[in-house]
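Residue numbers (my numbering): 62 to 389.
These notes concern the structure reproduced below.
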Ligand SMILES: [Fe+2]
Ligand SMILES: [Fe+2]
């Protein structure tokens, strides 16, 4: 299986490897089916930019670094209900949120490094909620790398799942952090730390953030983690930047926007080239088949020789670019 941009889809050689659902989670197209041009058009209208496919070059490739789609969708639904509960003045679904965070902690503990499902792989109505799930996954991964305890990971996870909850109260960008802070802190069952994540997730180490222009040690570490995760998901999901470039963008601001040690922890836990990516190496072209010991140096099967090279054992072989389609 591999993930492709929807406009790379070729009906003659590819079939869907994962179902495509609408915002109510109704299956529009099951796995194994072909994407007829008429459907392709409809999916593009729904804001879907990526699909998972099986074709001759994806055989034997699995995306174990990625959360499975049903789990991802379940947690998206919990976040959606949380946002709706604020709009309708009902209590937050605290127990469901806690179960969701526990599940995400289990998922990141299973994996050394992760990749995200871009939020543009689902109906655009779900994008804001899918975003918070992605942010939480990355944040928990950073939290794990810096050795946070389970209870700290729990507070971090709840704060990240709800980091944009203020958007359900206000449309003014600069106001959503404080609105979110007030929503979370009015729930006694939730930690004040989680509330401060929402309040501070747009603050920057150099004082250029908002709403309070906090800087350096005035920003709590959890909020810094959330802000790295937030920016990374926005690069990948909204701007459509490929993972290795998004990681480099984050690294650019190490020590200006974000703390250097957290950026280092972040980069250890995210893979640069997801399995199924066609790449141009300095020795020819190939497809990434898996990631083992190093998240940035994958194993690549060369198209011409049909043989695998482990980039982590071959320091002189480098990836020069990503290829949209297989070039032999
Ligand atoms: Fe935000
Ligand atoms: Fe966000």
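Using N, Cα and C, we set each Cβ at its ideal position, and we do this for glycine too.
Can we count residue 262 as close to ligand 1, meaning its CB is less than 7 Å from some heavy atom?
For ligand 1, at least one heavy atom lies less than 7 Å from the Cβ of residue 262.
Heavy atom of ligand 2 less than 7 Å from the Cβ of residue 257, yes or no?
Answer for residue 257: no, Cβ out of range of ligand 2.
With DSSP as the reference, please indicate the residues paired to residue 371 in a beta bridge.
Note: residue 371 sits in a beta bridge opposite 360.
Is residue 225 near ligand 1, judged by its Cβ being under 7 Å from some heavy atom?
Residue 225: yes, Cβ under 7 Å from ligand 1.
Could you tell me which uninterrupted beta strand (DSSP E) segments, each at least 3 residues in length, are contained entirely in the segment 316-362, listed from first to last along the chain?
You should have 339-342, 345-351.
Taking 7 Å as the cut-off, is the beta-carbon of residue 295 closer than that to any non-hydrogen atom of ligand 1?
No - ligand 1 has no heavy atom lying nearer than 7 Å to the Cβ of residue 295.
What are the partner residues of residue 64, as DSSP defines its beta bridges?
Looking at the DSSP assignment, residue 64 forms a beta bridge with 113.
Taking C-beta to C-beta, are residue 304 and residue 286 nearer than 8 Å?
For residue 304 and residue 286, no; Cβs fall outside 8 Å.
Does DSSP put residue 183 in a helix, in a strand, or in coil?
Coil at residue 183, not helix or strand.
With hydrogens ignored, establish whether the beta-carbon of residue 232 is closer than 7 Å to any heavy atom of ligand 1.
For ligand 1, not one heavy atom lies less than 7 Å from the Cβ of residue 232.
Quick one: using the 10 Å Cβ neighbour count with 16 as the cut-off for buried, is residue 356 buried or exposed?
Counting Cβ neighbours within 10 Å, residue 356 comes out buried, since at least 16 surround it.
Tell me whether the segment 63-76 and the segment 102-110 touch, counting them as touching only if at least three CB pairs, one residue from each stretch, are closer than 8 Å.
Contact between the segment 63-76 and the segment 102-110 is present, because at least three Cβ pairs lie under 8 Å.
Which ranges would you report for the beta strand (DSSP E) in the segment 288-314 if only whole runs of at least 3 residues count?
Runs found: none.
Going by CA-CA distance only, name the one from 194, 274, 73, 99 that's closest to residue 117.
Nearest of 194, 274, 73, 99 to residue 117, Cα basis: 73.
Is there contact between the segment 255-270 and the segment 217-224, where contact requires at least three CB pairs shorter than 8 Å?
Taking 8 Å as the limit for Cβ pairs, the verdict is that the segment 217-224 does touch the segment 255-270.
Do you know how far the Cα of residue 151 is from the Cα of residue 346?
The alpha-carbon atoms of residue 346 and residue 151 are separated by roughly 55 Å.
The alpha helix (DSSP H) that contains residue 158, what's its start and end?
Counting along the chain, the alpha helix (DSSP H) containing residue 158 begins and ends at 155-171.
How do the segment 289-305 and the segment 134-150 stand: do at least 3 beta-carbon pairs fall below 8 Å, yes or no?
Contact between the segment 289-305 and the segment 134-150 is absent, because fewer than three Cβ pairs lie under 8 Å.
If I measure Cβ to Cβ from residue 81 and keep anything under 6 Å in the same chain, skipping five residues before and after, which residues do I get?
So the qualifying residues of the chain are 89, 90.
Local conformation of residue 250 per DSSP, three classes
Coil at residue 250, not helix or strand.
From which residue to which residue does the alpha helix (DSSP H) around residue 198 run?
Where residue 198 is concerned, the enclosing alpha helix (DSSP H) stretches over 188-206.
Helix or strand or just coil, what does DSSP make of residue 380?
In this structure, residue 380 counts as strand in the three-state DSSP scheme.
Measure the C-alpha to C-alpha separation of residue 277 and residue 200 and round it to an integer number of angstroms.
Each residue's Cα considered, the two are about 19 Å apart.
Assigned secondary structure, residue 245 (DSSP; H/G/I helix, E/B strand, else coil):
In the structure shown, residue 245 sits in a helix (DSSP, three-state: H, G or I).
Through-space distance from residue 350 to residue 333, alpha-carbon basis:
Cα to Cα, residue 333 sits roughly 13 Å from residue 350.
Is the closest heavy atom of ligand 4 to the C-beta of residue 192 under 7 Å?
In the structure shown, ligand 4 is absent; the only ligands present are ligand 1 and ligand 2.
Where does residue 170 land, buried or exposed, given buried means 16+ other C-beta within 10 angstroms?
Classification of residue 170: exposed, given that the 10 Å Cβ count is below 16.
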